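Participant: One structure is given below, represented as structure tokens, and several questions about it will come after.
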Amino acid sequence: MYPCVVKWCEDCLSLVFSPKLELVLVESGGDKIPRKGGPGITKSDLLIINKIDIAEYVHGSLDIMARNSKMMRGERPFVFGKLYDGVGLETIISFILERGMFPERRPEKLAKTA
Numbered sequence: 001m002y003p004c005v006v007k008w009c010e011d012c013l014s015l016v017f018s019p020k021l022e023l024v025l026v027e028s029g030g031d032k033i034p035r036k037g038g039p040g041i042t043k044s045d046l047l048i049i050n051k052i053d054i055a056e057y058v059h060g061s062l063d064i065m066a067r068n069s070k071m072m073r074g075e076r077p078f079v080f081g082k083l084y085d086g087v088g089l090e091t092i093i094s095f096i097l098e099r100g101m102f103p104e105r106r107p108e109k110l111a112k113t114a
């Protein structure tokens, strides 16, 4: 198994699980972030737009962020989240397990499949 490498960029946090699996985490602190289109935004396997609860307080629009993410990423997926409260977390975990080809190890998930 590959270790996770964490890289901090100007506007985002990049998590590299393997040479073929990279996730980029940005805050919804402004809807300009996806539109900036840096390599983390355009080429990562999954774009995670976190802290969606603060968007309205900083005049950010989730609709604009979704539109810009689709425009900059094409078919590459993105997910909105509020990770502190677990919103979007299951989608992210499932993506990592599936794309990273990691085995499911969470006891509650293993019990459901047994």
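Heads up: the sequence shown begins at 1 in the numbering used here, then just goes up one per residue.
We put the beta carbon where it would ideally sit given N, CA and C, even for glycine.
Quick caveat: nothing in here was measured; it's all calculated off a predicted structure.
Is the beta carbon of I92 closer than 9 Å to that of L46?
Facilitator: yes
Participant: Compare the beta carbon distance of I54 and V26 with 9 Å and say whether it is the shorter of the two.
Facilitator: no
Participant: Given a cut-off of 9 Å, decide if G40 and V58 are closer than it, judged by their beta-carbon atoms.
Facilitator: 9 Å or more divides the Cβ of V58 from the Cβ of G40.
Participant: Nearest to K43 by CA position, among L89, E56, M72 and D85, is which residue?
Facilitator: M72
Participant: Using 9 Å as the threshold, is the C-beta distance between F80 and L62 below it?
Facilitator: yes
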